[in-house]
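Protein chains in written order, with the numbering used here: chain A, 1194 to 1544; chain B, 1194 to 1544.
Just so you know, even glycine gets a beta-carbon here, dropped at the ideal spot from N, CA and C.
From a predicted model like this one, the values you see are computed outputs, not experimental measurements.
Single-structure report; data block below.
2 protein chains.
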Amino acid sequence: MVNIMPELRQNPITKDWVIIAPERSKRPNQFKQHRVQEKITKLDREEKARCPFCPGNEEICGKAVLAYYEDFGEDAQSKWSLRVVPNKFPALVEGEETSRITEGTGNFFVKMNGVGYHEIVIEHPEHFQTIATMPCKSVENIISSYIERYQVLIKKPNVELITIFRNNGPGAGTSLRHPHSQIIASPIIPIHIRHMIEEAVRYFDTMGRCIYCNMIKQEKILGKRVILETDYFVAFAPFFSRSPFETWILPKKHKASFATISNIEKKDLARVLIDILKRLYHGLDNPDYNYMIHSAPYQEDPADYYHWHLQILPKLYKVAGFELGSGIYLNSTSPEENAKYLKEIKADVSE
Amino acid sequence: MVNIMPELRQNPITKDWVIIAPERSKRPNQFKQHRVQEKITKLDREEKARCPFCPGNEEICGKAVLAYYEDFGEDAQSKWSLRVVPNKFPALVEGEETSRITEGTGNFFVKMNGVGYHEIVIEHPEHFQTIATMPCKSVENIISSYIERYQVLIKKPNVELITIFRNNGPGAGTSLRHPHSQIIASPIIPIHIRHMIEEAVRYFDTMGRCIYCNMIKQEKILGKRVILETDYFVAFAPFFSRSPFETWILPKKHKASFATISNIEKKDLARVLIDILKRLYHGLDNPDYNYMIHSAPYQEDPADYYHWHLQILPKLYKVAGFELGSGIYLNSTSPEENAKYLKEIKADVSE
């Protein structure tokens, strides 16, 4: 065991601390999951037969709120290339009005009706696809659908925040393998988001510029955590990575809202997203992960100080009592070493 | 599927929101893990043979910083009833001084050396015990060891916060079955704790009393979420439960620091802790869980507005993209229904 002194590192955006204690752990390639699948088994076929997202089962999910079509040839099972449907088991449901109700004396407990939207993006007709193995066009479709639904949902009454996320694999919280993302529009701005904005405003008021723009600049100068840079995006392992192989994708052009990205940025983002997820897929054998798009919430005008971005968190760690009790994350790997490992993985992105 | 409208509920202490969406889920008894073990298998015996915490392997963990002894009879394998040892793979390590170091231009990234303490409480000599099955005396020992170590560690230089926690089961982040807790003394007060204190101060400044004391009062009046009440403690499912069967144990007597509890409170806490964990053990078949003791951090004097307590979070949920992206927890069960279920479980606490 090499006895490297653990470090505490602060996230300059949230002011959270993480412990980076690489001596507790193994080398990057030891995080391999040993489960990239060569063949589709009988169990897989049975699972596919029950899948509500597969072509032929469209009526289970009901009417799509958005669909894209593609000519897959005469024998193809599907005419659609992507569908967005309301979640059958929604966390929040459509409703006209929100109202605060209280419980206890002196309005001690506050609750409200769970008004909002919860949609599923069925990303591809093919059950066994995942973003790491999709062609660019399919991933451009996914991003287009995020933008289209974002623009529609943000205009709905009572919508304050839109969270776009993808849970990949059972460890990341999904039981359905068919490639899909989720969009939840909620009627409140949570304190977690408020704090991030407040800190970004504070930084802007002092330094006169966007904290995220400065982070991109710093990472480019330091170089050691950058995995990939294109014309429009940069992907790196954050200095304050909470989990092994945490990766952030940031647009180089300052923009507060994800929904305002240009067509050329969208195409580039598709390539970058495939590239990074392919590196994880090959470098770590298809690990479970969550990704989340952080965008400026509605009814704010954070054009100067907020910067939309995408966070990928591979599920190679367990949040346990220490994290829950203190709010300090414990990462047993080195972000620099992990970035170097991912940088060296070959990731051919085909058109 | 009964279509109950989901609710958003706010934690009055942290101001976080949770979504309570019980229509997404199952009845309380469907959370049973079906794994209370009747017999010890060959695999279990092999696991025990490798256990570094078992009597006979004391030299693996090294010198205890605290040990209690008990006469288990002549044939007993162990003379100790509890040992506290430094963690062999510490998150933070003992050191004389902390220093801030920066990376990037303009001191953009701040880090510090990971100075602190990380100790393991080996709670009982017997490998297959767990708190739910221990006699009161053993659990009193555990609590005594927490208090003793808290009082020692809090006087060390550079210690700002002490987190006492227990990870039970692989889903809760431990690979070792031998009953143990952990204590981490860290050199910073994380923003997560700062916010909780700030909100408690704000409440105190407005209402002139402790927000936790008021919560106890409210829960006792409402009744529907209280699982257990003794002379000194009350245990309930919080209004804003993040996870199915989340349970809080609060001392009825206002006290900011856990380390100041009296002997009679300690004995009562042991009984309450066994009682609640027994209800979970029998009602849900030994679920994985984390528990954390929240106590006022060092160098603060939050006597009037802070209130130490113990939070139990069964690992019956997965934090996924939505929680990570928005900071809103999604609980697919009703705290009231879960409290009722746990209240009805028989939990005989023997001496």
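Within chain A, partners of residue i - CB distance below 9 Å
i, result
"B/Val1512", "Gly1366, Asn1483 and Val1512"
"B/Ala1496", "Simply none; closest approach about 21 Å."
"B/Lys1533", "In chain order: nothing, as chain A lies at least about 16 Å away."
C-alpha distance - residue i paired with residue j, whole-angstrom precision
i, j, result
"B/Arg1370", "B/Gly1362", "7 Å"
"A/Glu1353", "A/Ser1379", "6 Å"
"A/Glu1156", "B/Phe1282", "In this structure chain A extends from 1194 to 1544, so residue 1156 of chain A is not present and cannot be described."
"B/Asn1360", "A/Lys1208", "26 Å"
"A/Ile1206", "B/Ala1540", "47 Å"
"A/Met1194", "B/Ile1355", "At A/Met1194, the pLDDT of 43 sits below 50, so the modelled position is not reliable and the matter cannot be decided from this model."
"A/Gly1297", "A/Thr1453", "44 Å"
"A/Ile1335", "A/Ile1538", "25 Å"
"B/Leu1275", "B/Ile1404", "36 Å"
"A/Thr1423", "A/Arg1472", "16 Å"
"A/Arg1395", "A/Glu1529", "28 Å"
"A/Glu1252", "B/Lys1219", "24 Å"
"B/Glu1341", "B/Pro1507", "27 Å"
"B/Gln1576", "A/Ile1381", "With chain B covering only 1194 through 1544, there is no way to say anything about residue 1576 of chain B."
"B/His1447", "B/Pro1318", "34 Å"
"A/Ala1463", "A/Lys1232", "27 Å"
"A/Ser1488", "A/Pro1383", "13 Å"
"A/Arg1228", "A/Tyr1339", "29 Å"
"B/Met1400", "A/Met1389", "28 Å"
"A/Thr1326", "A/Glu1287", "34 Å"
"B/Tyr1474", "B/Gln1411", "28 Å"
"A/Lys1330", "A/Arg1243", "27 Å"
CB-CB length for residue i against residue j, believed under 8 Å
i, j, result
"B/Val1314", "B/Ser1368", "Going by Cβ atoms, the distance from B/Val1314 to B/Ser1368 rounds to 17 Å, so no, they are not a contact pair."
"A/Asp1468", "A/Leu1421", "6 Å"
"A/Ser1519", "B/Ile1521", "21 Å between Cβ atoms; not a contact."
"A/Ala1136", "B/Ala1365", "A query on residue 1136 of chain A cannot be resolved here, the shown segment of chain A reaching from 1194 to 1544 and no further."
"B/Leu1509", "B/Ser1436", "6 Å"
"A/Ala1430", "A/Thr1440", "6 Å"
"A/Thr1291", "A/Asn1306", "6 Å"
"B/Gln1322", "B/Pro1372", "5 Å"
"A/Lys1272", "A/His1320", "That pair is no contact at about 16 Å."
"A/Ala1428", "A/Tyr1498", "Contact flag wrong, Cβ pair sits at about 22 Å."
Proximity below 8 Å, CB of residue i to CB of residue j
i, j, result
"B/Lys1304", "A/Leu1415", "no"
"A/Pro1199", "B/Leu1285", "yes"
"A/Ile1324", "A/Ile1486", "no"
"B/Gly1249", "B/Gln1270", "yes"
"B/Ile1442", "B/His1500", "no"
"A/Phe1426", "A/Lys1445", "yes"
"A/Leu1535", "A/Phe1438", "yes"
"A/Ser1337", "A/Lys1459", "yes"
"B/Phe1224", "B/Leu1477", "yes"
"B/Ala1532", "B/Lys1413", "no"
"B/His1311", "B/Ile1377", "yes"
"A/Gln1226", "A/Asn1407", "no"
"A/Val1277", "A/Leu1466", "no"
"A/Asn1351", "A/Val1308", "yes"
Chain B contact residues for residue i, given Cβ-Cβ distances below 9 Å
i, result
"A/Gln1411", "Glu1296, Gly1297, Thr1298, Gly1299, Phe1301 and Phe1302"
"A/Asn1306", "Met1198, Pro1199, Glu1200 and Leu1201"
"A/Leu1415", "Glu1296, Gly1297 and Phe1302"
Under 7 Å from the C-beta of residue i: neighbouring residues of chain A
i, result
"B/His1502", "Those do not exist, as B/His1502 stays about 11 Å from chain A at its closest Cβ, beyond 7 Å."
"B/Thr1356", "Phe1515, Gly1518 and Ser1519"
Cross-chain neighbours of residue i in chain A, by beta carbon under 8 Å
i, result
"B/Gln1375", "Gly1514 and Phe1515"
"B/Gln1270", "Result: empty, since nearest Cβ-Cβ is about 28 Å, beyond 8 Å."
"B/Leu1506", "Leu1517"
7 Å Cβ cut-off: residues of chain B touching residue i
i, result
"A/Trp1210", "Ile1381 and Pro1383"
"A/Pro1205", "Phe1301 and Phe1302"
"A/Ile1324", "Near A/Ile1324 there are no residues of chain B at all, since even the closest Cβ is about 14 Å away, more than 7 Å."
Chain B contact residues for residue i, given Cβ-Cβ distances below 8 Å
i, result
"A/Val1419", "The premise fails here: A/Val1419 is roughly 13 Å from chain B at the closest Cβ pair, so nothing lies under 8 Å."
Quiz item: Taking contact to mean at least 3 C-beta pairs separated by less than 8 Å, is the region 1338-1345 of chain B in contact with the region 1249-1262 of chain B?
Solution: Touching, yes, given that three or more Cβ pairs across the two stretches are closer than 8 Å.
Quiz item: With a cut-off of 8 Å, do at least 3 Cβ pairs link the region 1263-1282 of chain A to the region 1523-1534 of chain A?
Solution: no
Quiz item: Three or more C-beta pairs closer than 8 Å, one from the region 1235-1247 of chain A and one from the region 1207-1216 of chain A: is that the case here?
Solution: Cβ pair count under 8 Å is below three, so no.
Quiz item: Are three or more beta carbon pairs between the region 1506-1518 of chain A and the region 1476-1484 of chain B nearer than 8 Å?
Solution: yes
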